[in-house]
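Report on the following structure.
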Ligand code: DX5
Ligand code: ZN
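Residue numbers (the working numbering): 51 to 291.
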């Protein structure tokens, strides 16, 4: 499968390719970022995950739209916003080339308006492709909170760690939330992608996929400073079994 499939929307590409891994860029060796990205691309990775943190919604600070834009790649850019009241910033991340924008639901009083705002925006990589909009839930946030939003998003992502850092342990209760989320989505009769983010490694990636995740974030387990190519290849293969 080529990196980008012409004529298909971003959503359709994800649906056709699922389950997919999306690799956390911030765990890469920043001194060799281009080579690190090429390494995972050659292993079959289709998506790059950018964790945007402002030191306010969550304790750590990371990067902004300038970094997202500066990463020149044909891979799909999956931007996860963990910033307080992101509505005014959405445009800058779209302009930076985001193909997917997910927003932590707890980070704003106006999640519905954020999703409506994104619906008005075009994907700068290809206006016909569309932007996949999503919400992300912290481990303590019930899945029912997405129910009123299901007509206005294409993806729901569950955090399996508390937002802030890579390399944390997967919270096991996420499996129950995943089951409930599948029920909530199917009761609503909607076709919505499910993502899982945090604590995914070689030992649990296949289990998370078979539990029903379509898009699986993995950062430190791929960019471990040792063998990102073998790690990414292992994960890509594990998903297809
Ligand atoms: C948590 C982030 C995750 C996480 C991924 O704040 O949203 O994307 O850091 O990193 P690993 O795979 O190392 O848990
Ligand atoms: Zn993330």
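We put the CB at the ideal spot given by N, CA and C, even for glycine. Keep in mind the model is a prediction, meaning the values are calculated, not measured.
Inter-residue spacing [alpha-carbon to alpha-carbon] between residue 108 and residue 211: For the purposes of this step, residue 108 is taken as the residue at position 58 of the chain shown. For the purposes of this step, residue 211 is taken as the residue at position 161 of the chain shown. Taking the straight line from one Cα to the other gives about 12 Å.
Pick from 231, 110, 201, 100 that is closest to residue 149, judged by C-alpha positions: As a working note, residue 149 is residue 99 in the chain shown. Ranking 231, 110, 201, 100 by Cα distance to residue 149 puts 100 first.
Closest Cα partner of residue 142 within the set 204, 246, 168, 259: Along the chain shown, read from residue 1 onward, the residue named residue 142 stands at position 92. Among 204, 246, 168, 259, the Cα nearest to that of residue 142 is on 168.
Of the listed residues 200, 189, 199, 213, nearest to residue 227 (C-alpha basis): In the chain shown, counting from the first residue as 1, residue 227 sits at position 177. The residue with the shortest Cα to Cα distance from residue 227 is 189.
Bridge partners - residue 207, DSSP secondary structure assignment: Taking the chain shown and counting its residues from 1, one reaches residue 207 at position 157. DSSP output for residue 207 lists 186, 245 as bridge partner(s).
Nearest-residue set for the ligand ZN, Cβ under 5 Å from any heavy atom: 101, 130, 247
Cβ contact (3+ pairs, closer than 8 Å) linking the segment 271 to 283 and the segment 173 to 185: no
heavy atom of the ligand DX5 below 6 Å from residue 267 C-beta: Counting from one through the chain shown, the residue named residue 267 turns up at place 217. Yes, Cβ of residue 267 sits closer than 6 Å to a heavy atom of the ligand DX5.
Closest residue to residue 166 among 91, 80, 199 (Cα-Cα distance): Locating residue 166 in the chain shown gives position 116, where the first residue counts as 1. Per the Cα distances, 199.
Collapsed DSSP secondary structure at residue 273 in the structure displayed: Taking the first residue of the chain shown as 1, we reach residue 273 at position 223. Here residue 273 sits in coil by DSSP.
Buried or exposed by the 16-neighbour rule on C-beta atoms within 10 Å, applied to residue 63: One-based indexing of the chain shown puts residue 63 at position 13. Buried, by the Cβ-count rule.
Validate contact between the segment 116 to 125 and the segment 81 to 88 using beta carbons, cut 8 Å, 3 pairs: yes
Residues near residue 282 in its chain [Cβ-Cβ closer than 8 Å; skip 5 each side]: Start at 1 with the first residue of the chain shown, and residue 282 comes out as number 232. Around residue 282: 71, 73, 89, 90, 93, 94, 95, 272.
Cβ-based burial, residue 160 [other Cβ within 10 Å; buried from 16]: Residue mapping note: residue 160 aligns to position 110 of the chain shown, counting from 1. With fewer than 16 other Cβ atoms within 10 Å, it is exposed.
Nearest-angstrom beta carbon gap, residue 289 and residue 259 [assumed within contact, 8 Å]: Taking the first residue of the chain shown as 1, we reach residue 259 at position 209. Taking the first residue of the chain shown as 1, we reach residue 289 at position 239. Sure, about 5 Å apart at Cβ, within 8 Å.
Where residue 267 falls: helix, strand or coil (DSSP): As a first step, residue 267 must be located in the chain shown, where it is residue number 217. Residue state, collapsed to three classes: strand.
Cβ neighbours of residue 217 in the same chain (closer than 6 Å, five flanking residues each side left out): Here residue 217 is taken as the residue at index 167 of the chain shown, counted from 1. 270, listed in sequence order.
Inter-residue spacing [alpha-carbon to alpha-carbon] between residue 79 and residue 274: On the chain shown, position 29 is the one that residue 79 refers to. On the chain shown, position 224 is the one that residue 274 refers to. Cα-Cα distance, rounded: 9 Å.
Enclosing alpha helix (DSSP H) for residue 119 [first to last residue]: For this step, residue 119 is matched to residue 69 along the chain shown. Looking at the DSSP string, the run of the alpha helix (DSSP H) that includes residue 119 is 115 to 120.
As assigned by DSSP and simplified to three states, the class of residue 72: Translated into positions along the chain shown, residue 72 becomes position 22. Strand.
Spatially closest choice to residue 205 from 214, 221, 287, 187, by CA coordinates: Looking up residue 205 in the chain shown gives position 155. Residue 205 has its Cα closest to that of 187, out of 214, 221, 287, 187.
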